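Residue numbers (full-length UniProt numbering): 1 to 459.
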Ligand code: ADQ
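Structure below.
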């Protein structure tokens, strides 16, 4: 085991003293336990001169936090452009939305080079570096070019693309060497690992046993570490805030179907709304009132595809509510604000059904949060897309094809009619699955794998 510090690099960095949110809390705890440094983007836009000043120390205890700033041009090219208009659609199988711009690609690599210099200024021999997500695919390569021999791990929170989509990435020839510069490439699911191995095999990598790979003079490992949540914490929050649903003022007997997502075209929201409309129009008992409460705060609104999805949703909501609504009932309630996590936990608990129907998703934590928040004596039902990473673990959910509104509509009907015994059985199996790989397991098992003895001889 290395005695060095843990250095975490992620796109955004929590600035508050006691951060909230599963991933952020888990990394915060890992850093608290081991001591270390967290480096991330402040979110501020600055001049080129100011950006060159380097890292800013954020007052914090008991580990260090440093932020760096982006210029407006870097924000456009690195964040909005290459990360979110090229890599994000490609990795979510939406090559139709792909924006290819060689200037964005250049800026993305340039930002990674600059961040590498900043990180290298902080790292000491023996430190272990853990880099997060698609914003920093070339970062280890840049760090190696600066001569760093430290252990460097990567975790990709989104799916690894299919080999059939990858030719759409102009920089695909660089990707193998970006990946090979890490010691451990962590992915969410077995499906992602299989996609990554296919890609590497096709690019002259030699596959050794158990996900170990040899490429030129580098040896590295690819493995899945399905991310989890703080199960106990979420259960407690849901119990304490069990009355959150009262704010909704549902009428007696009204059923609650929930959706909670960042507003993103990968989440399958138009298909979900259409499915809910279809369920309502075909429900066997028209007296049954089921309301879809969709919470979807906008994100990345400066990217064109995100503006379109917002308009599309508003139009479907208007149509379904216009056709199906009554004087005292609005079938789809669509809320665009962020909700405090405790309130969210309480709302999940009130939900009879949760619709998690992405067209592609690395894992999807909402599915796990909904399960943890349920009252085991009277649990709600999770409807889950085959295409969420979580589907590999949460087999006891009602699985649907999110592209087929009729399939999802049928599942809503089945879920709302499900017997208590079946709901309890499914919930028990789902709880077992989310407990086995909770967020503590995720950080521990990843870091343990990253700290296995060096195979690259310090290179
Ligand atoms: P996301 O695409 O953001 O994450 P998800 O895993 O569902 O997707 O995480 C969203 C988080 O935001 C959840 O914890 C949820 O509770 C919270 N959230 C959503 N809407 C909210 C609202 N209105 N108010 C408050 N909180 C809200 C990416 C990948 C996922 C992967 C995660 C973690 O796309 O596939 O599971 O990273 O690796």
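Note that CB positions come from ideal geometry on N, CA and C, so glycine has one too. All of these numbers come straight from a predicted model, not from anything done at the bench.
Check your understanding: Under 9 Å, do residue 287 and residue 272 count as touching if we go by C-beta distance?
Key -> no
Review point. Which whole-angstrom value describes the C-beta separation of residue 255 and residue 413, a residue pair presumed to lie in contact below a C-beta threshold of 8 Å?
Key: Not confirmed; about 11 Å, so no contact.
Practice item. Alpha carbon to alpha carbon, how far is residue 274 from residue 179? Give it in angstroms, no decimals. Key: 40 Å
Point to revise | residue 11 versus residue 132: straight-line alpha-carbon distance, rounded | key: 7 Å
Exercise for review: Within 10 angstroms of the Cβ of residue 13, are there 16 or more other Cβ atoms? Answer buried if so, exposed if not.
Suggested key: buried
Exercise for review: Using the Cα positions of residue 204 and residue 355, report the straight-line distance between them to the nearest angstrom.
Suggested key: 41 Å
Check your understanding: Residues bridged to residue 130 by DSSP?
Key -> 8, 153
Exercise for review: Quick one: using the 10 Å Cβ neighbour count with 16 as the cut-off for buried, is residue 1 buried or exposed?
Suggested key: Residue placement at residue 1 is poorly supported in this model, since its pLDDT is 45, which falls under 50; the coordinates still yield a value, given next. When all chains shown are included, residue 1 counts as exposed.
Exercise for review: Drop a sphere of 10 angstroms on the beta-carbon of residue 138, count the other beta-carbons inside from all chains shown, and report buried for 16 or more, exposed for fewer.
Suggested key: buried
Check your understanding: Cβ of residue 393 within 9 Å of Cβ of residue 360?
Key -> no
Exercise for review: Go to residue 224, then tell me how far its beta strand (DSSP E) extends in each direction, as first and last residue.
Suggested key: 218-224
Review point. Considering only the beta carbon of each residue, do residue 154 and residue 185 sit closer than 9 Å?
Key: yes
Practice item. Under 8 Å by Cβ, that's how I've got residue 290 and residue 334 pegged, so tell me the actual separation to the nearest angstrom. Key: Residue 290 to residue 334, Cβ: 15 Å. No contact.
Review point. Taking DSSP as the reference, what is the three-state secondary structure of residue 2?
Key: With a pLDDT of only 48 at residue 2, under the threshold of 50, the placement of this residue in the model should not be trusted, and no figure is reported.
Review point. Where do the N-terminal and C-terminal ends of the alpha helix (DSSP H) with residue 60 fall, by residue?
Key: Per DSSP, residue 60 belongs to no alpha helix (DSSP H) and is neither H nor E.
Point to revise | Closer than 8 Å: residue 366 CB and nearest the ligand ADQ heavy atom | key: yes
Exercise for review: With DSSP collapsed to three states, give me the class of residue 66.
Suggested key: strand
Check your understanding: By a C-beta neighbour count over all protein chains shown, 10 Å radius and 16 as the cutoff for buried, is residue 169 buried or exposed?
Key -> buried
**Study point:** Cβ contact (3+ pairs, closer than 8 Å) linking the segment 399-410 and the segment 184-198
**Key:** no
Exercise for review: Quick one: grab the DSSP three-state call for residue 203.
Suggested key: coil
Review point. In terms of DSSP beta bridges, what is residue 257 paired with?
Key: 292, 353
**Study point:** For residue 30, three-class secondary structure by DSSP
**Key:** helix
Exercise for review: Evaluate residue 307 with the Cβ neighbour count: other Cβ atoms within 10 Å of its Cβ, from every protein chain shown; 16 or more gives buried, anything less gives exposed.
Suggested key: exposed
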